[in-house]
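Residue numbers (the working numbering): 6 to 357. Note that the Cβ used here is the ideal one computed from N, Cα and C, for glycine as well. Small disclaimer: the values here were computed from a predicted structure and weren't measured. To start, the structure itself, in structure tokens.
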Amino acid sequence: MNRFASPDQSRAVAIWLFACAAIVFAMVVIGGVTRLTGSGLSITEWKPIMGALPPMNAAAWAEAFEKYKAIPQYAQVNAGMSLSEFQGIFWWEWGHRLVGRLIGVVFALPFLAFLILRRIPRRLVWRCAILLAMGGLQGVIGWWMVTSGLSERVDVAPERLTVHLGLALLIFAGLIWTGLEAWAGQELSRSPAGWSRGAAILWGAVFIQCLLGGLVAGAKAGYVYTDWPLMNGGFFPPADWGKGAIAFLHDQALVQFNHRIWAYGLLIGGTVYAVQAWRWRLAEGLGTAAFVVAAALWLQAALGIVTLIHAVPLWLGGLHQAGAAVVLLLVTANLWLVRRSQPRLFMSGPRF
């Protein structure tokens, strides 16, 4: 018997994957708060194992603080901060890294156990293995991001932050999708290719918008041009084209403009998609799912406007990042439902 042989459905595996997705969601939100509080560079070393322990005494705290004082962010932004103020930003970054370690443990150990017990559906083993590898890569990319702010910058490079965020969201969507596959079992039917393509395009548009939001966050572009619907009284803000192509990654005016324009297109596309879904697929329940997606897009856009005009207060900025993850969750589930065309999914009990 094949060592990976197992039932085609497993509620236990699905719940494990959904639990991992919930932790990744928390990681994304904590990461956003860590960025908004300027805490991401407070730990200047990468110790995947020993770094799990915070400074345990006064001497260790003093050493960590001295290392932080050696980077440009302290000299140019936080010069003169007290040890207690340093501890305030340190704990956010330490907590962010701790949750990252927790995800690795919560995913890897059950994965090995499920493999030994042959509980993971065979067709999902390779997907889970890829998700595990992506999680390991995410840790490396996180440190690559941090290093960009340790020598010449006072913050991390926007493009590196965006790669870090993008991979986290891919892992999040992958966990949701694979969890749904484990819950529902082998695919029985597919919707027409054109309809499936439309749902995939909508997913891709949402993911791109998340990446554009990452560039806005990395460039701190949410703190400028805080009027809406115009930008400093005009539709097109002044962009520093002297930077060349790098302006699309670093120029505050341009990255915010791109994020706005893509949001408008996404709202139109999502609304049209929902209307067509309601007209054509109402009998299968997919119209309702599409309208939930469209409603989430409009709510997220409204939240983004409120966040902008208030110059990104901590709680609104964190909520907006959480909202982006929720929208991605919904378009992932919608795409899965469209491809499966199984309206009574949760009416049939999965096997254990």
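The three-state secondary structure of M55, taken from DSSP, is helix.
Measuring C-alpha to C-alpha distances from W303 to each of Q143, V331, R165, G37 identifies V331 as the nearest. For the pair V82 and V159, the CB atoms are nearer than the 9 Å cut-off.
Secondary structure note for R165: its alpha helix (DSSP H) is the uninterrupted segment 163-189.
The beta carbon of A31 lies closer than 7 Å to those of V104 in the same chain, with the five residues before and after it left out.
Here the alpha carbon of P243 sits roughly 34 Å from the alpha carbon of V298. Burial state of P318 is exposed, judged by a 10 Å Cβ sphere holding fewer than 16 other Cβ atoms. V29 and I108 do touch by the CB rule: their CB atoms are close to 6 Å apart, below 8 Å. Between the stretch 58-72 and the stretch 205-224 there are fewer than three inter-stretch CB-CB distances shorter than 8 Å, so the stretches are not counted as touching. When DSSP states are grouped into helix, strand and coil, G43 belongs to the coil group. Under DSSP, G239 takes part in a beta bridge, and its partners are M236. Inclusion of W97 and T42 in the CB contact set at 9 Å is warranted, their separation being smaller than that value. Taking C-alpha positions only, G140 is separated from C133 by approximately 11 Å. Taking one beta carbon from each stretch, the stretch 76-90 and the stretch 169-183 have fewer than 3 pairs nearer than 8 Å; the two do not touch. The three-state secondary structure of R102, taken from DSSP, is helix. Under the three-state reduction of DSSP output, Q14 falls in the coil class, being neither helix nor strand.
Counting other Cβ atoms within 10 Å of its Cβ, R16 stays below 16 and is therefore classed as exposed.
If the five residues before and after V229 are omitted, its C-beta is found closer than 6 Å to the C-beta atoms of Q257, all from its own chain and listed in chain order.
Sequence-distant Cβ neighbours of A69 in its own chain, meaning closer than 6 Å and more than five residues away, are P60. Here the alpha carbons of V343 and Q281 stand approximately 13 Å from one another. Taking all protein chains in view, the Cβ of F241 is surrounded by fewer than 16 other Cβ atoms within 10 Å, so the residue is classified as exposed. R124 carries a coil assignment under DSSP once its states are collapsed to helix, strand and coil.
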